[in-house]
């Protein structure tokens, strides 16, 4: 294999080194550092392994056997960051963290070849790769407390804040966590990532928490090579842009001894003070951004050569040679033999089995064990009397949707000490619509609390809490606000089990005040009717209860699924139905439902993906959900009075859709009208119709939806939202 400039430079630079007087390996490798010669030699091995993994990645790609060439060359100083931490400290790593990973692997007592083989199997997309199983090349391992991260820029940083938060919150609540009580969380990222909204959210949240004196043992490590692919980071920008509430440490990432000493100090600060810090490690980037990157298209030869002169692998070799701990010839021979051995390992890895079917690929995506979810959803607290201050919800009489959700949340908080309820305004105020009213007073500020106004921060806290062993139930104030932070669900929550083969999970139930039809309060951002962005996320559970009894049961199901299967659930609550009491006539209280006592939770359990049917008509099935259910039931009564036999099917679950129930209801009538309050394009009705057609349904199908429009303010909203009249008209046309 031909040598590139990086390899050639290493060989020439090391050959030119002059040996110094021999030092005791147990003493500092040079004056003024705590890094011993012996430890320096150990870390050099991990730096060398990381460098040669990059060489192997490019060789594999040239052979058509490798699929990932973003490497760690120039960032090998992060071996010293790993050495400053404990194996049990949760780590969320930058994709240039090869040396960190190899160091931690060895610190855990694994053989050096095991860490190398992990990475090689990832490069070749082998099904035997221990974390993602060939689904993506990530640094991760459950035995190393390394949580795998995808390549979405900075998206892992809000989760890292959440992990650090969960360490302390679990300890304060006396709960078991996935991490030791004195653990600190480390999160590495690049200099260009500093500018990303996710990074800014994480940095601000860490500063916000620190400002309030809340413990947050988080070490953020910015590995600054001065480039974001081809775009230069202004010199000094990372230091200038750092958050003032984070203690700042700076190290030369090309000087192993300096990184070692500064990382030790930074880790000690975070561990002892339980407060966040930023470790700014100045590095270089060698071999370009990735194998396909042509650096000369945006960098001069002089700039590239300047980075080669700072090569951290050469710098560590210099430390060893000048300390008399190795000769240039010894190091070069070692480089060649290690290189040859690693390329043989790479060839062997390329011959290992790969994923061979869609079933194999999707196996860890979203496990469903309904037989364990059902009994888990029926678990109640033995101290409900105390939790409800002697007035149990089943004794209150019929409840509204808002009240039913409130009581169900209280039951979950009472039954499960690890459940946390949080979000904007959910604590003292009890939520904008009062849904969480009284929960903080009953269960304490440690379990029901307000967050800062940042949806990425809210979901990041949930992600970190879930992967740490808690069960978060965060609230997003409005459906439109969820889009501000959707990648926290799409890129982080939904992918974790998939890219870790279930070794890591982030169970969570995200409550969202949703949909339109609010009276006297409006505008698009409080009346969003789009769920398309949620429904195309693989494995995500999307619940959409409309009736109070369904809401309580479905919330219990979601919490149980999160607990047993690690499910990521989004629980959409129709705002306009929160306080609705009547169904057909004023004062009929037809929308209220009594709260089911725990003795009946098992028999009233609502499994994921099961619909609810109303009526037994044989002429028409109206398929709907959310606000559409109330409108459809009202329309069905009027149609029945005209002599038509109608039944209404409430989907209840938008993902996965209740396909079996849908087909059964459709076949009973031979005519299906989909009444969909979301938009015509990208709305739920498209999938309902597609499922019917795919199943070979030969009856008549029609759909009526809201318009492809944002929701305007005031009465104008009626012009673009689905109405009862439209449902009736469409039904008559289909029946006619």
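Residue numbers (UniProt numbering): 1 to 736. Glycine is no exception: its CB is placed at the ideal position from the N, C-alpha and C atoms. Quick caveat: nothing in here was measured; it's all calculated off a predicted structure.
Given residue i, which residues of its chain have a CB within under 6 Å of its CB, disregarding the five upstream and five downstream residues?
{"i": "residue 555", "result": "408"}
{"i": "residue 380", "result": "415, 598"}
{"i": "residue 437", "result": "430"}
{"i": "residue 370", "result": "607"}
{"i": "residue 413", "result": "419, 443"}
{"i": "residue 406", "result": "435"}
{"i": "residue 208", "result": "452"}
{"i": "residue 193", "result": "153, 154, 199"}
{"i": "residue 490", "result": "537"}
{"i": "residue 472", "result": "420, 462, 465, 466, 508"}
{"i": "residue 215", "result": "168, 274"}
Note the first and the last residue of the continuous beta strand (DSSP E) segment covering residue i.
{"i": "residue 640", "result": "Per DSSP, residue 640 belongs to no beta strand (DSSP E); it is in the alpha helix (DSSP H), 627-641."}
{"i": "residue 271", "result": "Premise fails: residue 271 lies in the alpha helix (DSSP H), 256-273, not in any beta strand (DSSP E)."}
{"i": "residue 671", "result": "671-679"}
{"i": "residue 655", "result": "653-655"}
{"i": "residue 450", "result": "448-450"}
{"i": "residue 650", "result": "646-650"}
{"i": "residue 622", "result": "620-624"}
{"i": "residue 574", "result": "568-574"}
{"i": "residue 229", "result": "First-last for residue 229: undefined, no H or E at that position."}
Under the assumption that residue i contacts residue j (Cβ atoms under 8 Å), give the Cβ distance between them as a whole number of angstroms.
{"i": "residue 530", "j": "residue 678", "result": "6 Å"}
{"i": "residue 317", "j": "residue 14", "result": "5 Å"}
{"i": "residue 68", "j": "residue 57", "result": "6 Å"}
{"i": "residue 671", "j": "residue 734", "result": "5 Å"}
{"i": "residue 136", "j": "residue 150", "result": "6 Å"}
{"i": "residue 158", "j": "residue 97", "result": "With a Cβ gap of about 19 Å, residue 158 and residue 97 do not count as contacting."}
{"i": "residue 560", "j": "residue 376", "result": "4 Å"}
{"i": "residue 43", "j": "residue 256", "result": "6 Å"}
{"i": "residue 326", "j": "residue 320", "result": "4 Å"}
{"i": "residue 93", "j": "residue 417", "result": "Going by Cβ atoms, the distance from residue 93 to residue 417 rounds to 31 Å, so no, they are not a contact pair."}
{"i": "residue 513", "j": "residue 573", "result": "6 Å"}
{"i": "residue 571", "j": "residue 509", "result": "6 Å"}
{"i": "residue 281", "j": "residue 222", "result": "7 Å"}
{"i": "residue 162", "j": "residue 464", "result": "2 Å"}
{"i": "residue 632", "j": "residue 624", "result": "5 Å"}
{"i": "residue 307", "j": "residue 285", "result": "7 Å"}
Does the distance from the C-beta atom of residue i to that of residue j stay below 8 Å?
{"i": "residue 607", "j": "residue 566", "result": "no"}
{"i": "residue 84", "j": "residue 315", "result": "no"}
{"i": "residue 76", "j": "residue 313", "result": "yes"}
{"i": "residue 81", "j": "residue 259", "result": "yes"}
{"i": "residue 169", "j": "residue 181", "result": "no"}
{"i": "residue 265", "j": "residue 404", "result": "no"}
{"i": "residue 546", "j": "residue 630", "result": "yes"}
{"i": "residue 283", "j": "residue 183", "result": "no"}
{"i": "residue 210", "j": "residue 275", "result": "yes"}
{"i": "residue 217", "j": "residue 164", "result": "yes"}
{"i": "residue 731", "j": "residue 639", "result": "yes"}
Answer with buried or exposed for residue i, where buried requires no fewer than 16 other C-beta atoms within 10 angstroms of its C-beta.
{"i": "residue 584", "result": "exposed"}
{"i": "residue 341", "result": "exposed"}
{"i": "residue 727", "result": "buried"}
{"i": "residue 124", "result": "buried"}
{"i": "residue 231", "result": "exposed"}
{"i": "residue 716", "result": "exposed"}
{"i": "residue 719", "result": "exposed"}
{"i": "residue 600", "result": "exposed"}
{"i": "residue 349", "result": "buried"}
{"i": "residue 428", "result": "exposed"}
{"i": "residue 390", "result": "exposed"}
{"i": "residue 267", "result": "buried"}
{"i": "residue 661", "result": "buried"}
{"i": "residue 337", "result": "exposed"}
{"i": "residue 686", "result": "buried"}
{"i": "residue 657", "result": "buried"}
Identify, in the order they occur along the chain, each residue of the same chain with its Cβ nearer than 7 Å to the Cβ of residue i, setting aside the five sequence neighbours on each side.
{"i": "residue 410", "result": "387, 388, 439, 442"}
{"i": "residue 72", "result": "50, 54, 96, 97, 98, 99"}
{"i": "residue 396", "result": "595"}
{"i": "residue 524", "result": "480, 710, 711"}
{"i": "residue 589", "result": "398, 581, 582"}
Among the residues of its own chain, which have a CB less than 8 Å from the CB of residue i, if the five just before and after it don't count?
{"i": "residue 739", "result": "Lying before the first or after the last residue shown, residue 739 is absent from the chain, which here runs from 1 to 736."}
{"i": "residue 591", "result": "400, 401, 547, 548, 577, 580, 581, 582, 583, 630"}
First and last residue of the alpha helix (DSSP H) that includes residue i?
{"i": "residue 340", "result": "328-350"}
{"i": "residue 162", "result": "156-173"}
With respect to 7 Å, is the separation between the Cβ of residue i and the closest non-hydrogen atom of the ligand GTP below this value?
{"i": "residue 379", "result": "This structure lacks the ligand GTP, and indeed carries no ligand of any kind."}
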